[in-house]
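Here the protein sequences come in this chain order: A and B. Heads up: the first sequence runs through residues 1 to 192, numbered per our numbering. Heads up: the second sequence runs through residues 1001 to 1286, numbered per our numbering. Don't be surprised by glycine CBs; every beta carbon is placed ideally from N, CA and C.
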Amino acid sequence: MATVKSSVSMGDRFAEITVIILTVLALLIGWLFKSSVENRAFNFEAGGISAQAPSGWLQAKTEGDEVMHVTDLSSSGFGTTYILRKIPVTTDTNASEVVTQLTLEHGQNLTAFRVLNQHEVTVYGQPAYEVNYVFVESDPNLAHASLPSVVLGTDYIFVKDDQAVVATYWAEETNFESDLNRFHLFLESLRF
Amino acid sequence: MPESKPLPERVHIWRDELMLILSLIVFVGIVYAIDGAFQPVFTTSTLLLTGIFLAIVPAAIWLVFFYNQDRLEPEPKHFVLGVFGLGALLAAAIGVPLVEDVYRVSHWLYTDTVTTILGGILVVGFTQEFLKYAAVRYSIYHSDEFDEPTDGVIYATAAGLGYATVLNIQFVVSNGGVDLGTGVIRMAVVALAQAAFSGITGYFMGRAKFESEQIWWMPLGITLAAVANGLFNWLRGRVVQGSLSVTGASVNPWLGLALAAFVALAVTGVVLWLVRRGIRSTQAAK
C-alpha cells in the first residue's frame, strides 16, 4: 500500500527554494532580454546628422526641415515619437531665438499647446536648451470613438555653427517617464 | 512519524477536464450563434457587464462539473474555491501588474519570433506558472486534504482557472467591453490554456508530495509549464494571425480555439496518464 507523507521534508523545502530562485532568475534574464530588445537600434544618417534610432519603429515621411520622424506603433494610445530637425540659422543666432521660433510653430500646429518649462542644459557634453511642453492629440478619424490623448513633449535644441539641431520626444502622459530612458540612449548617440 | 494510507485513484477528474473542453466549445458556439443571429446592441455598461459574465463562465463550467462528479470522492469545496480565489487574487495583485505594467510586454514581446517565444517563456510563462504553483503550495499543499497525487491536478486547475478569469476580466475592462463573438473565443482559449498548463504544474506537485523526488523535480515542472505557456502563446499568435495581403490581415480566432482545445486535450491526457501510471506502479510495488 502506498504511503502519504504528512510532514514537510528538507527536500520539499529545498525544492521550494529552488523554484523561487529559478523564477527570480527567469525574471531577471527576462528583464535583461526585454532591455536588449527595447534598445535595439539601427544607424540613421542624413544631412550630416547621425544617431542610433530604435529599430522596429515606423519611419514616417519627413516634412519641412525634419530629417527623421519615427514612431513606436506598439505604444498604448499616442505612439511615442522621436523627431530630428535641422534648421539653418545665422552664426550669431542663439538657442533662445530658435526656441521662440519653435514655440510659435508648435502653438500653430499642436492643439492646446502649453510650455511647461524651459532651461539651458548640458546633454552628454553638448550645450543645449530644453523645452518641456504639453499638447492634446486626437485621432483625425471622426468615426473612431476614442478620447484625445494628452501628450508630453520635450525639445532639445543644439545650436552649432550655422545650424540648429532639434531632437524632439513626444509620448503619451502615461508613457512619458517609462519611455524616457530609451530616448536618452537616442540622445547619447546623436552626432552632428 | 509519517502516517500511511492508500492512494485512491479518481477517475472523474478526467471526465471533468474533458467536459470542460467540450462544454467551452459548445458555449462558444452558442454565444457566437446568438451574436450572429441577433446582433445585440449594448450600451457601454451592459457590454462591460456581459464581458465580465463571459469571463467567469469557463471557471463556472468547470466548477459545476467538478461539484457534480465529486460527490462520491469529495474534495472540500471551500478549499477548491479558496485556491481558485487565491489564483485570481495573485493574478490581479501580482501577475497582471508585473507583466503589463513593469515588463510592459505589449511594447516589445511581439517584435519577432525569437522575442515572442523567449519573452513569453521567461516573463509571461514563469510569472503565471509560479503564481499558480504558489496558490497551491502556500495554501492546500501541506494540508491533510491534499492526500493523493491527483489533488495536485485538481487544485492547480482551480488556481489556473482563477488566473484565467482575472486575465479575461482584465481584457474586458481594459477594452471597455468585448465583441461577443471573438471575445468569447478568446476567453475560452485563455481558460483552456491556463487550465492545461496548470495541470503540468499540478502533476509535478502531486508527485513531489507523495514520492521522494529529486530537488530538481519541481523546478523542472514549473519550467515545462512555462515553456509550454510561452510556446502556446507564440503558436496561437501564428495560427490566429493568418495571412497578410494587400486587402488586409486575415484573422481567424476559431483556429486559436481549435489549437487551445487540442493542447488542453493533449496536455490533460498526458498528465492524467502519468498520474494513473504513477499510482499503479506505486501500488504494484507494495
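Near-chain B residues of the segment 68-100 of chain A (beta-carbon distance less than 8 Å), N- to C-terminal order: 72, 74, 75 and 76
Where residue 1041/B falls, given that 16 or more other Cβ within 10 Å makes a residue buried: Counting from 1 along the second sequence, the entry for residue 1041/B is found at position 41. Looking at its Cβ environment, which holds fewer than 16 other Cβ atoms inside 10 Å, residue 1041/B is exposed.
Reduced DSSP category for residue 117/A - H, G, I as helix; E, B as strand; rest coil: Counting from one through the first sequence, the residue named residue 117/A turns up at place 117. Residue 117/A: strand per DSSP, three-state reduction.
Per-residue contacts from residue 38/A into chain B (C-beta, under 8 Å): For the purposes of this step, residue 38/A is identified with residue 38 of the first sequence, where counting begins at 1. 1107 and 1108, listed in chain order.
Among 176/A, 38/A, 35/A and 86/A, the one whose alpha carbon lies nearest that of residue 66/A: Here the question's residue 66/A lines up with position 66 in the first sequence. Measuring from the Cα of residue 66/A, the nearest candidate turns out to be 86/A.
Contact under 7 Å by Cβ, residue 1086/B with residue 1131/B: As a working note, residue 1086/B is residue 86 in the second sequence. As a working note, residue 1131/B is residue 131 in the second sequence. No, Cβ-Cβ distance for residue 1086/B and residue 1131/B is not below 7 Å.
Inter-residue spacing [alpha-carbon to alpha-carbon] between residue 1200/B and residue 1148/B: Taking the second sequence and counting its residues from 1, the one referred to as residue 1200/B is at position 200. Taking the second sequence and counting its residues from 1, the one referred to as residue 1148/B is at position 148. Distance between the alpha carbons of residue 1200/B and residue 1148/B is about 16 Å.
Cβ neighbours of residue 1209/B in the same chain (closer than 8 Å, five flanking residues each side left out): Here residue 1209/B refers to the residue found at position 209 when the second sequence is read from its first residue. Hits under 8 Å: 1141, 1146, 1149 and 1152.
Cβ-based burial, residue 1016/B [other Cβ within 10 Å; buried from 16]: Working through the second sequence from its first residue, we reach residue 1016/B at position 16. Residue 1016/B should be labelled buried.
For residue 124/A, the three-state DSSP class (helix, strand or coil): Locating residue 124/A in the first sequence gives position 124, counting from the first residue. In the structure shown, residue 124/A sits in coil (DSSP, three-state: anything other than H, G, I, E or B).
Reduced DSSP secondary structure (H/G/I, E/B, other) of residue 60/A: In the first sequence, residue 60/A corresponds to position 60, counting from 1. Here residue 60/A sits in coil by DSSP.
Cβ shell of residue 118/A (< 8 Å), same chain only, five flanking positions each side left out: As a working mapping, residue 118/A is identified with position 118 in the first sequence. So the qualifying residues of the chain are 99, 129, 130, 131 and 132.
Check whether residue 71/A and residue 64/A have beta carbons under 7 Å apart: By one-based count along the first sequence, residue 71/A stands at place 71. By one-based count along the first sequence, residue 64/A stands at place 64. No, the pair does not count as a contact, with Cβ atoms beyond the cut-off.
Short CB-CB distance (under 7 Å) between residue 186/A and chain B: On the first sequence, residue 186/A is found 186 positions in, with the first residue counted as 1. False, the Cβ-Cβ gap to chain B never drops below 7 Å.
Residue 1060/B - DSSP class collapsed to helix/strand/coil: Against the second sequence, residue 1060/B aligns to sequence position 60. Three-state DSSP puts residue 1060/B in a helix.
Buried versus exposed, by CB contacts within 10 Å (16 or more), residue 181/A: Taking the first residue of the first sequence as 1, we reach residue 181/A at position 181. With fewer than 16 other Cβ atoms within 10 Å, it is exposed.
Residue from 1160/B, 1186/B, 1144/B and 1097/B with nearest C-alpha to residue 1029/B: On the second sequence, position 29 is the one that residue 1029/B refers to. Ranking 1160/B, 1186/B, 1144/B and 1097/B by Cα distance to residue 1029/B puts 1186/B first.
Continuous alpha helix (DSSP H) assignments of at least 4 residues falling wholly in the segment 3-86 of chain A: 10-38
Backbone secondary structure at residue 1127/B - three-state DSSP: Within the second sequence, the letter at position 127 stands for residue 1127/B. Helix at residue 1127/B.
Rounded Cβ spacing between residue 1066/B and residue 1083/B (contact assumed at less than 8 Å): Residue numbering aside, residue 1066/B sits at position 66 when the second sequence is read from its first letter. Residue numbering aside, residue 1083/B sits at position 83 when the second sequence is read from its first letter. With a Cβ gap of about 12 Å, residue 1066/B and residue 1083/B do not count as contacting.
Straight-line Cα distance separating residue 1270/B from residue 1107/B: Within the second sequence, residue 1107/B is the residue found at index 107, counting from 1. Within the second sequence, residue 1270/B is the residue found at index 270, counting from 1. Approximately 35 Å, taken between the alpha carbons.
Among 134/A, 109/A, 158/A and 164/A, the one whose alpha carbon lies nearest that of residue 171/A: By one-based count along the first sequence, residue 171/A stands at place 171. Closest option to residue 171/A, Cα to Cα, is 134/A.
Of the listed residues 1172/B, 1197/B and 1238/B, nearest to residue 1045/B (C-alpha basis): Locating residue 1045/B in the second sequence gives position 45, where the first residue counts as 1. It is 1172/B whose Cα lies nearest to the Cα of residue 1045/B.
Residue from 1031/B, 1189/B and 1047/B whose Cα sits closest to the Cα of residue 1175/B: Position 175 of the second sequence, counted from the first residue, corresponds to residue 1175/B. Ranking 1031/B, 1189/B and 1047/B by Cα distance to residue 1175/B puts 1047/B first.
Identified DSSP bridge partners for residue 160/A: Residue mapping note: residue 160/A aligns to position 160 of the first sequence, counting from 1. Answer is 163/A.
Contacts around residue 19/A, its chain only, beta-carbon distance under 8 Å, and the 5 residues preceding and following it disregarded: By one-based count along the first sequence, residue 19/A stands at place 19. Closer than 8 Å at Cβ, skipping near neighbours: no residue.
Reference residue 986/B, options 1221/B, 1282/B, 1192/B and 1276/B, closest by Cα: With chain B represented from 1001 up to 1286, any question about residue 986/B goes unanswered, as that position is not in the structure.
Exposure of residue 1243/B, with buried meaning 16 or more beta-carbon neighbours within 10 Å: The residue you call residue 1243/B lines up with position 243 of the second sequence. Since pLDDT at residue 1243/B reaches only 49, below the 50 mark, its modelled position is unreliable, and the value read off the structure follows with that caveat. With fewer than 16 Cβ atoms within 10 Å of its Cβ, residue 1243/B is classed as exposed.
Own chain residues within Cβ distance below 6 Å of residue 1126/B, not counting five before or after: On the second sequence, position 126 is the one that residue 1126/B refers to. Closer than 6 Å at Cβ, skipping near neighbours: 1226.
Residue from 1255/B, 1222/B and 1203/B whose Cα sits closest to the Cα of residue 1279/B: Start at 1 with the first residue of the second sequence, and residue 1279/B comes out as number 279. The shortest C-alpha separation from residue 1279/B is found at 1203/B.
Beta carbon of residue 1222/B nearer than 7 Å to that of residue 1052/B: Numbered from its first residue, the second sequence carries residue 1222/B at position 222. Numbered from its first residue, the second sequence carries residue 1052/B at position 52. No, Cβ-Cβ distance for residue 1222/B and residue 1052/B is not below 7 Å.
Assumed close pair residue 1196/B, residue 1263/B - CB separation to whole angstroms, cut-off 8 Å: Position 196 of the second sequence, counting from 1, holds the residue named residue 1196/B. Position 263 of the second sequence, counting from 1, holds the residue named residue 1263/B. Right, the Cβ-Cβ distance comes to about 6 Å (below 8 Å), so this counts as a contact.
Any C-beta of chain B under 7 Å from that of residue 14/A: Counted from its first residue, the first sequence places residue 14/A at position 14. Cβ-Cβ to chain B under 7 Å: yes for residue 14/A.
Listed by chain order, chain A residues near residue 1219/B by CB distance under 8 Å: Counting from 1 along the second sequence, the entry for residue 1219/B is found at position 219. Within chain A, the residues near residue 1219/B are 15, 18, 19 and 22.
Own chain, CB closer than 6 Å to residue 173/A, minus 5 neighbours either side, in chain order: Sequence index remark: in the first sequence, residue 173/A carries index 173 (1-based). The residues are 150 and 152.
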